[in-house]
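Numbering follows our numbering, in which position 244 of the sequence shown is assigned residue number 273; successive positions increment by one, without gaps.
Have a look at the structure below, then the notes.
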Amino acid sequence: MTRAAQAPVSSTGPDHAPADAGSGLPDSDRSPRPRWAVVDVLRGVAIVAVVAFHTTWDLGDLGLISWRISAHWSGKVIAHAIAGTFLVLVGVSLVLAHRRGIRWAAFWRRELKLVALALLITGVSLVYQPREVVTFGILHSIAVASVLVLPSVRAHRAVPWALAVVALALPWLVHLPGRSPWVSWTGLADGTQPALDWQPVLPWLALAFAGVGMMRWLLDAAGNGHEEVATVAGGSGLSGVSGEEVATEAGWSRMRAWRPASAPVRSLAAAGRHTLAIYLVHQPVVYGALWLINEFRT
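Here it is as C-alpha cells:
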C-alpha cells in the first residue's frame with residue numbers, strides 16, 4: 030500500500046455482502062432480511078472518513094491549503110486505518126449474510142458487481158493518471174478477499190483466526206521476484222508500481238478473516254445470557270437444534286434488534302446502507318466543486 034495515502038481514490042471500500050443481501054431464491058421463497066443497524070453505522074463512519082480524507086487530499090492537490098495529507102506520515106496511517114476497517118467489515122458482513130448457509134446466487138451477484146466496478150476504476154485511472162493506474166485497489170482487494178474468506182464463515186471457529194495468522198505471516202516468509210502487476214497484487218512481490226490506490230491481498234486479507242472470527246465470537250457472546258433456553262432446547266433435541274445454536278440465535282436476535290436513537294447516528298446508518306454509491310460518486314463531485322472554487326479564487 031505504498032501510495033494509498035497519496036491517491037484521490039485510495040482507502041475506500043464498499044458495503045460488500047450486506048446482511049440483507051438477496052438469497053438467490055425465487056421471490057416467492059424469499060423472506061425479508063432486516064439490516065443490522067450497528068454494521069450500517071460502522072460502514073457510515075468509514076465512508077465519512079473516506080470523504081473527509083479525499084477532501085483533504087483534494088484541497089492540498091489544488092493548492093487551496095498548504096498542507097498535503099499525502100506528504101505526511103499521518104496520511105498513510107489514516108489511509109491504512111480506513112482500508113482496514115472496510116476489510117474487517119467484509120468478514121463481518123459475510124458472516125451476517127451467510128451464517129445459515131452460503132447463498133451462492135446472492136454472493137456471486139455482489140461479487141460480479143464489485144469486479145465490474147473495480148475494472149471501471151482501473152479504466153478511469155488509466156485515462157486520468159496513466160502513470161499511476163489503479164491495477165489493484167481496495168475494490169479489487171475486497172473482491173478477492175470475499176472469495177477467499179467465504180469458506181471460513183461455515184468452518185470451525187478457530188479456522189478464520191488461524192488463517193488470519195497465516196495471511197499476516199506469508200509476506201514475511203514468501204517473496205516473489207519483480208514489480209509486475211501480475212504478481213505484485215498478491216503482496217508477496219519485492220516491489221510495486223506507482224498507483225493512485227494500492228491495496229494488495231496480503232497481509233490485508235488477515236483483517237477480513239479477523240472480521241469473520243470476531244463476528245462469530247460476538248454472536249456467541251451476545252447469546253450467553255440465554256443458557257437456560259439453550260439447555261432446554263439442547264436437552265429436548267427439538268428439531269435437532271443444539272443448545273449452542275439456540276444461544277447463538279439469541280445473540281443474533283439481540284444484536285440485530287438494536288436501532289440508533291439520535292439523528293446523527295441514524296444519518297451514519299443511512300450512509301452505511303449506500304457506501305458503494307457514495308464511494309463511486311463522492312470524489313468527482315468533491316474534486317469538481319473544489320476545482321471550480323479554485324478557478325474563481327484565482
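Every residue, glycine too, gets a C-beta built ideally from N, C-alpha and C.
Contact check, residue i vs residue j, beta carbons under 8 Å
| i | j | result |
| --- | --- | --- |
| A250 | E161 | no |
| L71 | G301 | yes |
| A193 | A235 | yes |
| P206 | G216 | no |
| V241 | S181 | yes |
| V173 | V119 | no |
| V80 | V310 | no |
| L146 | L168 | yes |
Reduced DSSP secondary structure (H/G/I, E/B, other) of residue i
| i | result |
| --- | --- |
| L205 | strand |
| W233 | coil |
| A224 | coil |
| A218 | strand |
| L197 | helix |
| A184 | coil |
| W211 | helix |
| I94 | coil |
Nearest candidate by alpha-carbon position, reference residue i, set the options
| i | options | result |
| --- | --- | --- |
| R132 | S103, Q228, V314 and V176 | V176 |
| G166 | A78, A292 and W214 | W214 |
| V163 | V182, I171 and S154 | S154 |
| Q158 | D226, H127 and W137 | D226 |
| G317 | M244, T84, A75 and L199 | T84 |
| G73 | W102, A108, R183 and T114 | T114 |
| H127 | H303, P289, R183 and I98 | R183 |
Backbone CA spacing between residue i and residue j [nearest angstrom]
| i | j | result |
| --- | --- | --- |
| V67 | I322 | 37 Å |
| F82 | T151 | 20 Å |
| S291 | A237 | 30 Å |
| A78 | I111 | 7 Å |
| V129 | W65 | In the sequence under discussion, the amino acid at residue 129 is Arg, which differs from the Val named in the question. Cα to Cα, R129 sits roughly 16 Å from W65. |
| W201 | H185 | 26 Å |
| L247 | V178 | 18 Å |
Counterpart residues of residue i in DSSP-defined beta bridges
| i | result |
| --- | --- |
| F165 | W227 |
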